[in-house]
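Structure record follows, encoded as structure tokens.
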Amino acid sequence: MEKVTMAGAINRALRDAMAVDSSVVVFGEDVGALGGVFRVTDGLAAEFGSERCFDTPLAESGIVGMAVGMAMNGFRPVVEMQFDAFAYPAFEQIVSHVAKMRNRTAGAVTLPIVLRIPYGGGIGGVEHHCDSSEAYYAHTPGLEVYAPSSAADAYELMRAALRRSDPVVFLEPKKLYWTSEEVAFSSLSSSSLSSPSAAALSSSPSAAAVASSPLAGASVAGAAVAASPLAGASVAGAAVAGASVAGAEPGRAVVRRAGTDVTLIAYGPSVGVCLSAASVAFLEGRSLEVVDMRTLVPFDDETVCASVARTGRAVVVAEAAGFGGVAAEIAARVSERCFTALAAPVRRVTGFDIPYPPPAYESFHLPSVDRVLDAVDDLQWEDA
Amino acid sequence: MTRDPAHLLPSADPVQLIDVEGKRVRDDVRIPEATDLVRAYGALVLGRRFNEQAYALVRQGRLAVYPSSTGQEACQIAAAHVLDDGDWLFPTYRDAVAMVARGVDPVETLTLLRGDWHCGYDPYRHRVATQATPLATQLPHAVGVALAAKLRSEPTVALAMCGDGATSEGDFAEALNFAAVFAVPVVFFVQNNEYAISVPLSRQTAAPSLAHRGIGFGIPGQRVDGNDVAALLTVLGDAVARARAGEGPQLVEAHTYRVQAHTNADDDGRYRSADEVSAWAPRDPLLRLATYLRASGLLDDAAQVAFDTEAERVAAALRASSPAAPDPARLFAHVFAEPTPQLREQAALVRDELSREVEV
Ligand SMILES: Cc1ncc(C[n+]2csc(CCOP(=O)(O)OP(=O)(O)O)c2C)c(N)n1
Chain A
1 MEKVTMAGAI
11 NRALRDAMAV
21 DSSVVVFGED
31 VGALGGVFRV
41 TDGLAAEFGS
51 ERCFDTPLAE
61 SGIVGMAVGM
71 AMNGFRPVVE
81 MQFDAFAYPA
91 FEQIVSHVAK
101 MRNRTAGAVT
111 LPIVLRIPYG
121 GGIGGVEHHC
131 DSSEAYYAHT
141 PGLEVYAPSS
151 AADAYELMRA
161 ALRRSDPVVF
171 LEPKKLYWTS
181 EEVAFSSLSS
191 SSLSSPSAAA
201 LSSSPSAAAV
211 ASSPLAGASV
221 AGAAVAASPL
231 AGASVAGAAV
241 AGASVAGAEP
251 GRAVVRRAGT
261 DVTLIAYGPS
271 VGVCLSAASV
281 AFLEGRSLEV
291 VDMRTLVPFD
301 DETVCASVAR
311 TGRAVVVAEA
321 AGFGGVAAEI
331 AARVSERCFT
341 ALAAPVRRVT
351 GFDIPYPPPA
361 YESFHLPSVD
371 RVLDAVDDLQ
381 WEDA
Chain B
1001 MTRDPAHLLP
1011 SADPVQLIDV
1021 EGKRVRDDVR
1031 IPEATDLVRA
1041 YGALVLGRRF
1051 NEQAYALVRQ
1061 GRLAVYPSST
1071 GQEACQIAAA
1081 HVLDDGDWLF
1091 PTYRDAVAMV
1101 ARGVDPVETL
1111 TLLRGDWHCG
1121 YDPYRHRVAT
1131 QATPLATQLP
1141 HAVGVALAAK
1151 LRSEPTVALA
1161 MCGDGATSEG
1171 DFAEALNFAA
1181 VFAVPVVFFV
1191 QNNEYAISVP
1201 LSRQTAAPSL
1211 AHRGIGFGIP
1221 GQRVDGNDVA
1231 ALLTVLGDAV
1241 ARARAGEGPQ
1251 LVEAHTYRVQ
1261 AHTNADDDGR
1271 YRSADEVSAW
1281 APRDPLLRLA
1291 TYLRASGLLD
1301 DAAQVAFDTE
1311 AERVAAALRA
1321 SSPAAPDPAR
1331 LFAHVFAEPT
1341 PQLREQAALV
1351 RDELSREVEV
């Protein structure tokens, strides 16, 4: 076991991938000597040289556009957008080219680009530094969208992203960057550690890891269950400690905590909030299950629906503004697919429909443990 | 330390080697080999016929849209002919003739314009990127392709085309800047045809010329008569050679004119006079090269007939082609390497709908 932050885990994933795959190049603003403003690319330029990790001029569309050309011509670019809101200048490239190139060429040109975006709030950031921009990307056909909630999973998902043949928008929750956790890198899925060229997309058997759960191996069809009942109990917004999901491929959600009464569905920065809420609820006698989506695209309806079928209630939690957002999509999917299993309407706990507020206001805005618990209380319980 | 920027500045006038009378001018500048000029002439004849045929297909409702390069064929042919097999061409929606000249199957080049959503050909086969419609977005791609080649020490040059209007887009500036900073072998080739749909060049820039814009990026700019294929082959050819030799990106502005409306959907009478258009007729790129080649004894009736016959063959192929019947499975086939569960469900939904239609 090794104590590592999420920033450190992503750094290590990049380093490990670069070591085995010479086509992986990292570029963006301040990613070279500085190692990125969040130090995620720390040491890569020193270790792999300035042709593998380098700074570019300040121009996000140029960065992403150049990545398109490099990906067309044999490289696997990892580009860093310095902050969520500063990816917007690149939006045209992302939507019109990164996402569509495979389709426009009937599969002849594929763009294995990883677009890293530090995202979300909770760090007391000033304006333009705390956006939850996942809906824009998840709404765009042709992009995979990953949002890890723990250091171990960030490592796994980044290694997986670097084996995909399609572009991945990799959303890194800023507020979790510096939360450390014990990670046993050696026990992470062997597919993560094997040569990318050798690992075909679906080649890893992806045996779902099941650990310390009352439902282990029983009715949790295909889902990996990995969290102890009290994981993340102490701190709201804590990283999902010890939540390594060996072998879980993109497109597989995991049950981070098993429960029987309500399914909390979350991703990225909101998973820790849900785990904390579940711990508090547990003490109050209510059993909440927490599903961590891990990837928004591909989306794992199966694990979500299997969970809601067991619990009969669902609350979706996300930082982003609720209107037209990913949480709305998840709520709609659950309502459509699990209607007969539902004892109550699906609830959402999201950010308000406002621009991301100043630091002094963000605690009012972000989904909190209390707000999640209130939503749970508001569900229909009488006829249960 | 600032470097003397004089070497980055374009010539005061566009380089011209064969004037509108078909006469050789500027003895101080090398003119291409006779065989290259004859080959270019054959391609011009084909390009003109291609433009006419495509326009006719639009009128018959068999092409969705056609942004014609009539009058700009010299730019189209030169862009393709100055490249080696290992180079890359980045065309726009208006550059079908350049793609044909590079070797892409003529019928396939019209796939997108026929209303399909796939580009119709494998971009790796002839190293021709997909036609870019979002203006200037293809330029950073060319930079990336060139940087990738440079990192592998391959001699690849990327030639990226765009119009005068597209030079106002941010991606034009970003691409030139990236190319210069990374010193990659890209030739940016601007076809200045005076208009961006209805908007004249004076609304795009206050720079002395578009070629002058290179200096701010540290990129040498050159201006060339865009209706003189001899001058284009020389100027663009030199730019490609300099880029290949490691001298970094080059910017070439060709002065030409969009003789037809922007597309079939455009009404150019609203923004320019018929007199203005007809004034360009004597400057036609085919006319002057034919005159020059005839006078030089490089083109006879037999050769002309052979070129015309080949052009008619291609035109006939365009007329004979018809789009394949839509296959609903294609809707979902290429969104991802592996369709998501959601796409698989949606594909099944369409299959189910269709199977029920058949039963009725
Ligand atoms: C980003 C973007 N904005 C607007 C358009 C719509 N549009 C298509 S062609 C065109 C004019 C482009 O003019 P120019 O670059 O001079 O090239 P030309 O069409 O004359 O060859 C416009 C505005 C577009 N395709 N992309």
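The listed protein sequences correspond, in order, to chains A and B.
Take the first sequence: its letters are residues 1 to 384, numbered as in my numbering.
Take the second sequence: its letters are residues 1001 to 1360, numbered as in my numbering.
In this text, a Cβ means the ideal position worked out from N, Cα and C, and glycines have one as well.
8 Å Cβ cut-off: residues of chain B touching residue i
i, result
"residue 74 of chain A", "1148, 1152"
Residues that residue i contacts on chain B, provided the C-beta gap is smaller than 7 Å
i, result
"residue 165 of chain A", "1337"
"residue 337 of chain A", "Those within 7 Å of residue 337 of chain A in chain B number zero; the least Cβ separation is about 10 Å."
"residue 109 of chain A", "1123"
Heavy atom of ligand 1 within 7 Å of residue i beta-carbon
i, result
"residue 1085 of chain B", "no"
"residue 344 of chain A", "no"
"residue 959 of chain B", "In this structure chain B extends from 1001 to 1360, so residue 959 of chain B is not present and cannot be described."
"residue 1067 of chain B", "yes"
"residue 274 of chain A", "no"
"residue 1193 of chain B", "yes"
"residue 129 of chain A", "no"
"residue 1091 of chain B", "no"
"residue 1262 of chain B", "yes"
"residue 1174 of chain B", "no"
"residue 1162 of chain B", "yes"
"residue 1071 of chain B", "no"
"residue 1258 of chain B", "yes"
"residue 1297 of chain B", "no"
"residue 1165 of chain B", "yes"
"residue 1205 of chain B", "no"
"residue 1196 of chain B", "yes"
Neighbouring residues, chain A, relative to residue i (Cβ below 8 Å)
i, result
"residue 1174 of chain B", "57, 59, 61, 62, 65"
"residue 1093 of chain B", "By Cβ distance, chain A contributes nothing, its closest Cβ being about 13 Å from residue 1093 of chain B, past 8 Å."
"residue 1118 of chain B", "103, 104, 105, 106"
Residue environment, residue i, which counts as buried when at least 16 other CB atoms sit within 10 Å
i, result
"residue 345 of chain A", "exposed"
"residue 358 of chain A", "exposed"
"residue 1355 of chain B", "exposed"
"residue 1323 of chain B", "exposed"
"residue 354 of chain A", "exposed"
"residue 1 of chain A", "exposed"
"residue 1305 of chain B", "exposed"
"residue 1292 of chain B", "buried"
"residue 1142 of chain B", "buried"
"residue 128 of chain A", "exposed"
"residue 1350 of chain B", "exposed"
CB contact flag (residue i, residue j, <8 Å)
i, j, result
"residue 388 of chain A", "residue 315 of chain A", "For chain A, the structure presents residues 1 to 384; residue 388 of chain A sits outside this window and is missing."
"residue 63 of chain A", "residue 40 of chain A", "no"
"residue 1110 of chain B", "residue 1318 of chain B", "yes"
"residue 1037 of chain B", "residue 1025 of chain B", "no"
"residue 1206 of chain B", "residue 1166 of chain B", "no"
"residue 282 of chain A", "residue 321 of chain A", "no"
"residue 1236 of chain B", "residue 1187 of chain B", "yes"
"residue 304 of chain A", "residue 367 of chain A", "no"
"residue 92 of chain A", "residue 55 of chain A", "no"
"residue 76 of chain A", "residue 112 of chain A", "yes"
"residue 271 of chain A", "residue 301 of chain A", "no"
"residue 294 of chain A", "residue 253 of chain A", "yes"
9 Å Cβ cut-off: residues of chain B touching residue i
i, result
"residue 50 of chain A", "Within chain B, no residue comes near residue 50 of chain A; the closest Cβ sits about 11 Å away, beyond 9 Å."
"residue 141 of chain A", "1335, 1336, 1343"
Interface residues of chain A facing residue i [CB-CB closer than 7 Å]
i, result
"residue 990 of chain B", "No information on residue 990 of chain B is available, as it lies outside the stretch 1001 to 1360 that chain B covers here."
"residue 1142 of chain B", "69"
"residue 1137 of chain B", "65, 92, 93, 96, 97"
"residue 1130 of chain B", "104, 105"
Neighbouring residues, chain A, relative to residue i (Cβ below 9 Å)
i, result
"residue 1228 of chain B", "Near residue 1228 of chain B there are no residues of chain A at all, since even the closest Cβ is about 31 Å away, more than 9 Å."
"residue 1181 of chain B", "56, 57"
"residue 1178 of chain B", "56, 57, 59, 62, 63, 65, 66"
- Please determine if the region 305–321 of chain A and the region 332–344 of chain A are in contact, where contact requires at least 3 C-beta pairs separated by less than 8 Å. yes
- Say whether the region 149–159 of chain A touches the region 95–104 of chain A, bearing in mind that this needs 3 or more beta-carbon pairs closer than 8 Å, one atom from each stretch. no
- Message: Measuring CB atoms only, is the region 364–381 of chain A touching the region 1192–1202 of chain B, in the sense that at least three cross pairs come out at less than 8 Å?
- Response: no
- Task: Check whether the region 1241–1252 of chain B touches the region 1038–1054 of chain B, taking contact to mean three or more Cβ pairs, one atom from each stretch, closer than 8 Å.
- Result: Output reads no: the region 1038–1054 of chain B does not touch the region 1241–1252 of chain B.
- Message: Whether or not the region 1068–1082 of chain B and the region 1252–1263 of chain B are in contact is what I'm after, with contact meaning three or more pairs of Cβ atoms, one per stretch, closer than 8 Å; do they touch?
- Response: yes
- Task: Please confirm if the region 1147–1158 of chain B is in contact with the region 1100–1120 of chain B, defined as three or more CB-CB distances below 8 Å between the two stretches.
- Result: Result no; under three Cβ-Cβ pairs closer than 8 Å.
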